[in-house]
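Under full-length UniProt numbering, the first residue of the sequence shown is numbered 1, with each subsequent residue one higher.
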Amino acid sequence: MYALILVYVYFQGKLTVVPIHHNQELLEDCVLLINSEWPRSFSARMWSLQASKDTLPTSLVLIEKDEPQNAKPTVLAHAKLSVIPSDQEAVFIESVVVDSRRRGQGLGRLLMMASEQHCFGVLKLKTIYLSTIDKQAFYSKLGYQLCNAISIFGTRTAPNNSTKKIWMKKTMEIWLQNNENHSRIDN
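As structure tokens, this is what we get:
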């Protein structure tokens, strides 16, 4: 069993990224957030979130801890990290969503940084894949590059040729280079 290293806890005071399976009290709020963007049956969404575990699949949520300290945190964003059966050294990030009232505040960037830290730093995966219909510019700013479509279902290597989606990827090498550049700037 992998231990989650919650390096994500550094975020600006009250903001933290946590795995949903260690925070069951947030499940319902997370279902509502995801369904606000992509409506689906409450039960099906709940079942998907309850499958989260320390390995894959893992659902990560960005939360804001409110005062007083014992108050229930507010769910601000979600990302699901899923297995790619045909490539055990890669992950597919899906269902990335930020609460519509909080967009434009850098929360998506924080969530993606934490997701990358978990994928590359904890799980030691080599490639992150994602697909988007309308957020290519956002992911490009984070270092994701266009790539060919991949199969995210089963073990066949035939690509998923969805015409609506833009496929992107980020490798561990790019992530390490970006982190090295940021640490030079910070020093």
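Cβ atoms here follow ideal geometry from the backbone N, Cα and C, with glycine treated the same way. As the structure is a prediction and not an experimental result, all values here were calculated from the model.
Within the same chain, and ignoring the five residues on either side of V31 in sequence, the residues whose Cβ sits closer than 7 Å to its Cβ are F42, R45, M46 and L49. The C-alpha of Y129 is placed about 11 Å away from the C-alpha of D87.
Here the alpha carbon of L15 sits roughly 24 Å from the alpha carbon of A51.
When the five nearest sequence neighbours on each side are left out, the beta carbons in the same chain lying within less than 7 Å of the beta carbon of K169 are those of T127, I128, Y129, Y144, Q145 and C147, in order along the chain. Here DSSP, grouped into helix, strand and coil, assigns E89 to coil.
Cβ atoms of V75 and L107 stay farther apart than 8 Å, at about 11 Å. At the C-beta level, L81 and S115 come within 8 Å of one another.
C-alpha of E180 to C-alpha of L26: approximately 34 Å in a straight line.
Annotation: W167 to P68 spans about 42 Å, alpha carbon to alpha carbon. Of the residues assessed, P85 falls on the exposed side of the cut-off, its CB having fewer than 16 other CB atoms within 10 angstroms. Cβ neighbours of E64 within its own chain (closer than 7 Å, five residues either side excluded): K14, L15, P73, T74 and L76.
For the pair V18 and A79, the Cα-to-Cα distance works out to about 11 Å. Secondary structure at W175: helix, using DSSP grouped into helix, strand and coil. Positions of the beta strand (DSSP E) runs, each at least 3 residues long and wholly inside the UniProt domain "N-acetyltransferase" (15–173), are given as 15–19, 58–64, 74–83, 90–98, 127–132 and 166–171 in order along the chain.
For A149, the closest of K165, A137 and Y139 by C-alpha to C-alpha distance is K165. Proximity to R40 across F120, S95 and D66 peaks at S95, based on C-alpha coordinates.
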